[in-house]
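I have placed the structure first, in the form of structure tokens, so that the comments after it can refer back to it.
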Amino acid sequence: MTRELPYIAAINEAIHLEMARDETVLYYGQQIATTENDEFLKAFGHQRVRVTPISETAEIGMAVGAALAGYRPVVELYMAEFMLVAMDQVVNEAPRMRYMSGGQVSVPLVLKAGYGFTAGWSGQHTGSIYSMFTGVPGLKVALPATAADAKGLMATAIRDDNPVCFFHHYLLTLEPGEVPEGEYLVPFGQAAIRRSGTDVTIVATGWMVGKALAVAESLAAEGIEAEVIDPRTLEPLDTETILASVAKTGHVVLVDQATRHGSAAAIIAAEIAEHGFSSLMAPVTQVTALDATIPYSEPMEAYVLPDEAKIAAAVRGVLGMAPAPAD
Amino acid sequence: MTRELPYIAAINEAIHLEMARDETVLYYGQQIATTENDEFLKAFGHQRVRVTPISETAEIGMAVGAALAGYRPVVELYMAEFMLVAMDQVVNEAPRMRYMSGGQVSVPLVLKAGYGFTAGWSGQHTGSIYSMFTGVPGLKVALPATAADAKGLMATAIRDDNPVCFFHHYLLTLEPGEVPEGEYLVPFGQAAIRRSGTDVTIVATGWMVGKALAVAESLAAEGIEAEVIDPRTLEPLDTETILASVAKTGHVVLVDQATRHGSAAAIIAAEIAEHGFSSLMAPVTQVTALDATIPYSEPMEAYVLPDEAKIAAAVRGVLGMAPAPAD
Amino acid sequence: MTEPDSSRLVWMYRQMLRIREFEERVKRSFEEHPGVIRGHTHLADGAEASIVGSVAAMRPGDQLLATYRCHGYPIVLGTEPKAIMAEIYGRADGLCGGYGGSMHLCDPARGFLGTSGIVGQGIPHATGAAYAAQIRGQGQVVLCFFGDGASKQGAFAESLNIASLWKLPVVYVLENNSYNVVTRVEQEDANAAAGDQLSVKARAFSMPGVTVDGKDPVAVHDAMAEAAARARDGGGPTLVESLVYRLSAHGNIIAPPGVPLHFPEHEAIEVFGNLEEYEAAKRNDPVPAFRGRLVTQGILGPGQADQIGAEVRAEMQAAVDFALASPYPAAEAAVSYVYA
Amino acid sequence: MTEPDSSRLVWMYRQMLRIREFEERVKRSFEEHPGVIRGHTHLADGAEASIVGSVAAMRPGDQLLATYRCHGYPIVLGTEPKAIMAEIYGRADGLCGGYGGSMHLCDPARGFLGTSGIVGQGIPHATGAAYAAQIRGQGQVVLCFFGDGASKQGAFAESLNIASLWKLPVVYVLENNSYNVVTRVEQEDANAAAGDQLSVKARAFSMPGVTVDGKDPVAVHDAMAEAAARARDGGGPTLVESLVYRLSAHGNIIAPPGVPLHFPEHEAIEVFGNLEEYEAAKRNDPVPAFRGRLVTQGILGPGQADQIGAEVRAEMQAAVDFALASPYPAAEAAVSYVYA
Ligand SMILES: Cc1ncc(C[n+]2csc(CCOP(=O)(O)OP(=O)(O)O)c2C)c(N)n1
Ligand SMILES: Cc1ncc(C[n+]2csc(CCOP(=O)(O)OP(=O)(O)O)c2C)c(N)n1
Ligand SMILES: [Mg+2]
Ligand SMILES: [Mg+2]
């Protein structure tokens, strides 16, 4: 049984279900449970649900310590950038502890943070910084693009015995979607084929998935069938599914809200260039944000972001088609 | 006139020369100038040369503030990982200030940090984390591989009006090299062709450059001429020189001490796969560290790192040669 | 330290009123001109006395840095409200050309070096500017503004230790409005929970710490002037806790594009259902209070006060009109100013 | 709080001697077995009384976390010196299988949850373990060890505020050895520069702070037992500043492969040319001092003391022999334990 839920509600449902299922799951962070009316507080009490000061290094570092001591903390961080003041805890503490102990300990925790809030939030609150967390052995990274995945990936993240960065997209916050009721897990490392096609592979994450699908639909009118793939997790990355698609289409466009040299697109492009080379019939083309801090003013903000026109142009480019007629 | 200097001495010479040239250049950080015998202290006094507490967020944040107020701080950070506790200052403050002010201010500062100390320093002090700093608009990243570049890139970094991460390689610290005397600047964004060749392009940074050159020499004995390119700066990245080489050789191996999904190699591979595709005759092959935290014990540490054998095997692979005879 | 004379006091009242009226117009913009303000906007209403009293203690050459809640300071420093409003509206004539917006005002020519939108991260910036001032040796002092919540960010402790150790010419102004978004200070601060003042934090840095009534511009001015004088004389930094009350919610609602933005009720009402607290704060509103005080003391005539009110309203109406008329930046301008 | 009885005092002396002898053997390894120890190794000699006094105050179920300077704690907790030495030598039989090395010892079965090699970052870990202990509700207490230098890292302030606010069962042990590598504490700490004790930092968190003579294991034990008792009873955390002196340099020299590693002279001599300071510390060496005290008090017979010395020397010789004989891990093992 599924029913429609907004993306953010789906995430909360997963946390709620996991807390009910496993009393070692904790949920804390800033601005939560400041009154007795809080749903999590009512259900799980003051010890497992706590508001914290603005102290990300302590918040995340305490999650590492609580995890070492047998709990499964979910830390509410609001925005991915707020993790930057505590970056050592995220990339140099949590993922290293198990390894350095020779497997004696494990550090199960979830860092929940939104990203990509390109809606006038200007230069410091709008980043798509997930690629700073990839290539860190011991750390996993999830990027849900739908309400169902938001629920399923969060549940999987909480049950995972490793530290997981769960990055939800701010612009999808109220996006509704069909979400399964009850226990629902989406496995890590399994990309979703959002649309199948034979002519070109478009890989996109988060907010970009919807744009890629829109472009695919419009191109279908011209007889072009694009396959749209959403990796869903960057660590582990489902290179297999992507390579299988490229083997079929021979053409690939990578869409990423991040900048070119700070993107997941570059990592995926590198995998394709090495392991999918023989099937490539055209350049591996990236559509990313321009190299600028995100500006406040709307026309400038729109200018630096990937959009449907840029994606469509890139697809036409790899397929050697004429640019779309200007309308 | 040049003479031989160790890599680290070349860096210090550059800082010394720039401080003598420009009294707005400051040099501070931990463990420096703790006695009156310090060379920098003797030359430039207690105001411009200061020891700090173990407070990287304040050290780097103060550099931003001092830069906004007209100075050019060089912050001694010792190890790149120590920047992680202050990551917001590095990637979300220093590089954003100018842009967010609409060009009213600039933030000239240099963050000097060593990396890649894979000599038994175990899991938290050995990272090659430079790719966390790429794709951050407003930030520049230098990675000197020779003593001469160490001097020339540091001088350029200090004169640059933007924040620069200057990452020196710990394993090269005592590496001697011919270093020009007096004022010597190495421009950013100009890769160095360390060895020219026609058969294959090997791109490597830092400590990996020497290994790539050694492999190139051994392959020369078999009649294979490898071109070895050292980008020297990752931001700006000299894609042109790399593409020109690939256009000539048609084959490329990217060597990186970092992990596959946290490497500069991936970024370079993506550029080649998009802009050098037509000249590629073989997969863009990466030789990176294995996906593991750096272990303490020597045999394990050696196992996860790129070495000459792995590089040679990759080159043979892209050239379609038989593996080297086991000896 | 010179006490503000009558004309200075009237000037201070005018500045308080200018901040209040400006913030009112920003807030009204959400209803009157839906969509012109994007992202997240934070208002200074309630903190006028603290801001004006602090800036009034500055001398030419002094500098300040602040947070995302930054509209008030430049208004007192002399930045054109037109330029600030245009920035908040994202226009080409904005103070920062539309690049920064409401959270990132900056006017270096007038000593306002900028802000950080990341809590606590501007504190080391101000400390570094003070280090620069110490080296320059011209008696400059730097004011560092931040909130009660920010004092729990590591950057606060790291910076105050160095400033005290190096005797840097900086005054740390902790504007304690009892809230960090929807969290009350006793819920997140060990001092507040123990019934201590937040200024005791200074003890950890062997630094003087004082708590002042942020509703009284003169009291704030005196505390700031004393701290600034000490800083100027090489006596090092001071932590000044200024007790204020934010009269608007933390900021406008946080929502994706499409959802019209507006300011909700203050958290005391909206979240904690504590109408009394909010009403009490309203009764103690520092702006009318200071007007009353100046009028009673005969420093300000009622007519003169109304006159100032009219002038300020006209000034801020002009700012809104200017901002609305200002063009948007060219889209391609987005790739400028990335590097110097 | 129960005073340690005679047998407990003798046990404490033995533990101090075990740490001293172990660290001596680690240090000698650089000369006796060049190359077997890689990277950076930090010794606890000089801090034995503080370590033993602290761990002696622990009860079953209590836990501790420490820094890269971590050899002493597990020795007292009962971890086999063989396993610790083998870890430091990078062998397969090492406590952590050769993955972590000297800086990252970990023995969760005995309550040692691990370390961080990044200054200050272990403090929130210990605070989080204390949060876990509070939830578990079995009266566990967590000990958090770190240095004087670490108290200037933001993580320290952030953690102590939360621990005090939440009344977490944790005792923060600031081992003040007056140095952070080559920097003296007065050069980097505002309290020290002002002549204050570092324990005043506790004031910023409305938390009790005490300073104890870290050369006296009984004094440390008493202070720690009192703090632990308060923590256990829900009274919250305490900051205990323990005054110790590191008798070796910060660590072995830092050099790339090829350059043989060794321990330089202590920074007081090598860097500051202050031989007197170092000699004075030697004269006040806590290990012989405690032996003398127990002998004078008739608690320990001279023969018994020599006997303990012989046993400890033999134990540590065995640890060295074991470590040398232990095989290196298989290279391919490097890709294990990356993920759970
Ligand atoms: C490091 C970080 N964490 C969280 C946030 C989100 N945030 C923005 S403002 C704010 C409240 C700050 O409260 P306070 O310091 O009291 O200042 P006030 O808004 O009350 O003026 C928070 C938590 C942030 N911007 N940066
Ligand atoms: C964040 C960070 N900065 C710098 C370092 C380098 N470092 C390692 S140990 C140390 C000194 C720490 O001094 P203290 O806290 O007094 O402990 P001690 O070594 O004296 O026991 C420093 C600066 C580090 N490991 N982490
Ligand atoms: Mg506040
Ligand atoms: Mg110390």
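Residue numbers (my numbering), protein chains in the order written: chain A, -9 to 317; chain B, -9 to 317; chain C, 1273 to 1612; chain D, 1273 to 1612. From the three backbone atoms N, C-alpha and C, an ideal C-beta is built for every residue, glycine too.
Query	Result
Using a C-beta cutoff of 9 Å, does Ala229/A count as contacting chain D?	According to the sequence displayed, residue 229/A carries Thr and not Ala. Not one chain D Cβ lies under 9 Å of Thr229/A.
In chain order, which continuous runs of the alpha helix (DSSP H) of length 4 or greater are located wholly inside the region 18 to 86 of chain A?	29 to 38 and 46 to 58
Would the beta-carbon of Asn1680/D be found less than 8 Å away from any heavy atom of ligand 3?	In the structure as shown, chain D begins at 1273 and stops at 1612. Residue 1680/D is therefore absent and cannot be evaluated.
Taking 8 Å as the limit between beta carbons, can you name the residues of its chain near Gly1383/C, skipping five residues before and five after?	Met1330, Gly1333, Asp1334, Gln1335, Leu1336 and Leu1349
Would Pro1529/C count as contacting chain A if we go by Cβ distances under 9 Å?	yes
Could you give the first and the last residue of the continuous alpha helix (DSSP H) run that contains Asp321/A?	No information on residue 321/A is available, as it lies outside the stretch -9 to 317 that chain A covers here.
Would you call the region 62 to 70 of chain A in contact with the region 101 to 109 of chain A, where contact means no fewer than 3 C-beta pairs closer than 8 Å?	yes
Ligand 4 and Arg1504/D: does any heavy atom of the ligand fall closer than 8 Å to the residue's C-beta?	no
Taking 6 Å as the limit, name every residue whose beta carbon sits nearer than that to some heavy atom of ligand 4, in sequence order.	Gly1419/D, Asp1420/D, Gly1421/D, Asn1449/D, Tyr1451/D and Asn1452/D
Report buried or exposed for Gln79/B, applying the criterion of at least 16 other Cβ atoms within 10 angstroms of its Cβ.	buried
When you compare only the Cα positions, how much space is there between Ser1374/D and Cys1342/D?	8 Å
Would you mind working out which of Ser118/B, Asn152/B, Thr275/B and Met69/B sits nearest Ala304/B, comparing C-alpha positions?	Thr275/B
Quick one: give me the first and last residue of the alpha helix (DSSP H) that Gln1287/C is part of.	Ser1278 to Glu1304
Quick one: is Leu1432/C near chain D, going by C-beta distance under 9 Å?	yes
Measure the alpha-carbon distance for Val193/B versus Val242/B and round it to whole angstroms.	8 Å
Anything in the region 124 to 148 of chain A with a Cβ closer than 9 Å to a Cβ of chain C? List those residues in chain order, please.	none
Give the single residue among Leu1533/D, Ala1553/D and Ala1497/D whose Cα lies nearest to the Cα of Arg1310/D.	Leu1533/D
Among Leu1315/D, Gly1530/D and Ile1541/D, which residue has its Cα nearest to the Cα of Leu1377/D?	Leu1315/D
Enumerate in chain order the residues of its own chain whose CB-to-CB distance from Ala259/A is below 7 Å, with the five nearest sequence positions on each side excluded.	Leu244, Val274 and Gln276
Cα-Cα, which of Ala0/A, His36/A, Ala(-1)/A and Val81/A is closest to Tyr17/A?	His36/A
Whole angstroms is fine: what's the gap from Gly1508/C's alpha carbon to Asp1468/C's?	24 Å
Just confirm the distance between the C-beta atoms of Ala57/A and Val97/A, as a whole number of angstroms; I'd bet it's less than 8 Å.	4 Å
So is the beta-carbon of Arg1300/C under 8 Å away from any non-hydrogen atom of ligand 3?	no
At a threshold of 8 Å, does Pro41/A count as lining ligand 1 (C-beta to nearest heavy atom)?	Correcting the residue identity first, residue 41/A is Val in this sequence and not Pro. Because no heavy atom of ligand 1 lies under 8 Å away, the Cβ of Val41/A does not count as near it: no.
Name the chain B residues whose beta carbon is nearer than 7 Å to that of Val193/A?	Correct list: empty, because the minimum Cβ distance to chain B is about 12 Å.
So the alpha helix (DSSP H) Val1349/D belongs to, where does it begin and stop?	Checking the displayed sequence, the identity of residue 1349/D turns out to be Leu instead of Val. Unbroken alpha helix (DSSP H) run through Leu1349/D: Gly1344 to Leu1349.
What does Phe1544/D reach in chain B if we use C-beta pairs closer than 9 Å?	Thr24 and Thr25
Output needed for Val1413/C: all residues of its chain with C-beta closer than 6 Å, excluding positions within five of it in sequence on either side, in chain order.	Asp1334, Pro1441, Ala1500, Ala1503 and Arg1504
Pair every Cβ in the region 1537 to 1548 of chain D with every Cβ in the region 1465 to 1483 of chain D, then say whether three or more of these pairs are closer than 8 Å.	no
CB Met1479/D to CB Thr1510/D, shorter than 9 Å?	yes
Do three or more CB pairs link the region 42 to 54 of chain B to the region 76 to 92 of chain B at distances below 8 Å?	yes
Relative to the C-alpha of Val1610/C, which candidate in Thr47/B, Val95/B, Met9/B and Arg38/B has its C-alpha closest?	Val95/B
Could you give the distance in angstroms between the alpha-carbon of Ala1381/D and the alpha-carbon of Phe1417/D?	19 Å
Which residues in the same chain as Gly60/A place their Cβ atom closer than 7 Å to its Cβ, once the five residues preceding and following it in sequence are excluded?	Thr14
When you compare the region 145 to 159 of chain A with the region 179 to 192 of chain A, are there three or more beta-carbon pairs, one atom per stretch, that lie closer than 8 Å?	no
Could you give the DSSP three-state label for Gln114/B: helix, strand or coil?	coil
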